[in-house]
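Visitor: For any residue, its number in our numbering is found by taking its place in the sequence shown, counting from 1, and adding 27. Note that beta-carbon positions come from the ideal geometry of N, C-alpha and C, so glycine has one too. All of these numbers come straight from a predicted model, not from anything done at the bench. Can you keep this structure in mind? I'll have questions shortly.
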Amino acid sequence: MSKKLKILAVWGFGIGTSHMLKINIETVLKKNRIDAEVENIDITSAKAIHCHMIFTSSEFYHELKDEVSVPLIKTNNFLNNEEIEEKAMTIIKEILSANLLLHIH
Numbered sequence: 028m029s030k031k032l033k034i035l036a037v038w039g040f041g042i043g044t045s046h047m048l049k050i051n052i053e054t055v056l057k058k059n060r061i062d063a064e065v066e067n068i069d070i071t072s073a074k075a076i077h078c079h080m081i082f083t084s085s086e087f088y089h090e091l092k093d094e095v096s097v098p099l100i101k102t103n104n105f106l107n108n109e110e111i112e113e114k115a116m117t118i119i120k121e122i123l124s125a126n127l128l129l130h131i132h
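This is the structure:
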C-alpha cells in the first residue's frame, strides 16, 4: 500500500494520447516538486481504480463526472503544460495540505 498521490490520465483518442497527457502531467509535477504516480488508462478502468484525481478530455468528462468521487480535471489541450498546471496545482496542494492521501493499492 502507498500513500503517494495517484493521478489518472484518460483521453479519448487512444492510449498514445493519454500517454502524452501522462508525460505532461509528470513534467508539471516535477516542476512543482510533487511526488506522484501518474497512470494512463482507459475510461472503463478509470471508473474502478482508486486515485486522488483524474485528468480527461471534454469528451469523457461528462461520462465520468457522475461516476467518480475524486476531482475530475477537464483539459482542452493535453499538450499545454500551462493549462495542466493551472487546473491541477490548486487541487493537488489542497489534497497534500489536508493530508487527504488515501492508502491505495
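Leaving out the 5 sequence neighbours to the left and right, which residues in its chain are closer than 8 Å to D62 when beta-carbon positions are compared?
Guide: Excluding residues within five positions, the ones whose Cβ falls inside 8 Å are K31, L32, L56.
Visitor: What residue range does the alpha helix (DSSP H) around K58 cover?
Guide: Residues 42-58.
Visitor: Comparing alpha-carbon positions, which option in A125, L123, A75, N59 lies nearest E113?
Guide: Answer by Cα proximity: N59.
Visitor: For a test of the three-state rule: what should DSSP assign to T83, helix, strand or coil?
Guide: T83: strand per DSSP, three-state reduction.
Visitor: Ignoring anything shorter than 4 residues, give me the alpha helix (DSSP H) runs that lie fully in the region 96-127, in order along the chain.
Guide: Complete alpha helix (DSSP H) runs here, min 4: 108-124.
Visitor: Report the three-state DSSP secondary structure of A16 (helix, strand or coil).
Guide: Past the boundaries of the shown model lies residue 16; the chain is included only from 28 to 132, so the question cannot be answered.
Visitor: How is I70 classed by DSSP in three states: helix, strand or coil?
Guide: Three-state DSSP puts I70 in a helix.
Visitor: Is it right to say A125 is buried, meaning 16 or more other beta carbons lie within 10 angstroms of its own, or is it exposed?
Guide: Burial call: exposed.
Visitor: Give the C-beta separation of N133 and F105 to the nearest angstrom, bearing in mind that I take them to be a contact with Cβ-Cβ under 8 Å.
Guide: It is not possible to answer for residue 133, since the shown part of the chain is limited to 28 through 132.
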